[in-house]
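Residue numbers (my numbering): 100 to 294.
Backbone N, C-alpha and C define an ideal beta-carbon position, used for all residues, glycine too.
Okay, structure first, notes after.
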Ligand SMILES: [Zn+2]
């Protein structure tokens, strides 16, 4: 939903009325109807539940509505809206480098930081900690990558007879060399089975 559509209705219209207008508006050219699916308003309605009733400018309402909110940063989104309503500033996410060993925690913090960076860019409030939070985000992403890579590596199978790694997709229990050794041990030099 772009700002032009959001701000199309008269100034007295509520956010909900604007969303209904957007939902019902026929915006897709007839030729593209088969190819393009109109954006759902479900996410906007969720954000409207948080910002509805606050005295934000039309532009600020739109910024909050279209911010990258997800289930795992919804709680922080509430904090952002409260902060901004009170002081026109948003506080950075808390404890950004506390629990670097938990991939779920890292994913949640990264999405909070992304929300913060998006809002600080679009609402243009003064933020002295922006540079630090950028650095924190890079640290969190590197840690998450490392954990995911570790998981992948530990899921890699080893050959039952030697330390060779087989790769996750390998369906066998032995590496090629051990398999050949094993097979050849069962036969004599003329390929007759040894009992
Ligand atoms: Zn082997």
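{"Query": "CB contact flag (residue 218, residue 179, <7 Å)", "Result": "yes"}
{"Query": "Where residue 208 falls, given that 16 or more other Cβ within 10 Å makes a residue buried", "Result": "buried"}
{"Query": "CB of residue 243 within 7 Å of CB of residue 205, strictly", "Result": "yes"}
{"Query": "Any non-hydrogen atom of ligand 1 within 6 Å of residue 131 CB", "Result": "no"}
{"Query": "CB-CB length for residue 163 against residue 146, believed under 8 Å", "Result": "6 Å"}
{"Query": "Contacts around residue 229, its chain only, beta-carbon distance under 7 Å, and the 5 residues preceding and following it disregarded", "Result": "219"}
{"Query": "Burial state of residue 166, where buried means 16 or more other Cβ atoms lie within 10 Å", "Result": "buried"}
{"Query": "Proximal residues to residue 221 (C-beta, below 7 Å), its chain only, five neighbours per side dropped", "Result": "162"}
{"Query": "Every unbroken alpha helix (DSSP H) inside the stretch 172 to 226 [4 residues or more]", "Result": "173 to 186 and 202 to 222"}
{"Query": "Cβ distance (whole Å) where residue 248 is taken to contact residue 256 below 8 Å", "Result": "That pair is no contact at about 17 Å."}
{"Query": "Reference residue 151, options 183, 118 and 114, closest by Cα", "Result": "114"}
{"Query": "Contact test: residue 284 Cβ vs ligand 1 heavy atom, cutoff 6 Å", "Result": "no"}
{"Query": "7 Å Cβ cutoff met for residue 210 and residue 172", "Result": "yes"}
{"Query": "Near ligand 1: residue 260 beta-carbon under 6 Å from a heavy atom", "Result": "yes"}
{"Query": "Length of the line joining the Cα atoms of residue 233 and residue 212", "Result": "8 Å"}
{"Query": "Nearest-angstrom Cα separation, counted from residue 133 out to residue 159", "Result": "34 Å"}
{"Query": "Residue 117 classed as buried or exposed, judged by whether at least 16 other C-beta atoms fall within 10 angstroms", "Result": "buried"}
{"Query": "Heavy atom of ligand 3 within 6 Å of residue 207 beta-carbon", "Result": "Although ligand 3 was asked about, the structure shown includes only ligand 1 as ligands."}
{"Query": "Given residue 155 as reference, the closest of 139, 129, 121 and 111 once Cα atoms are compared", "Result": "111"}
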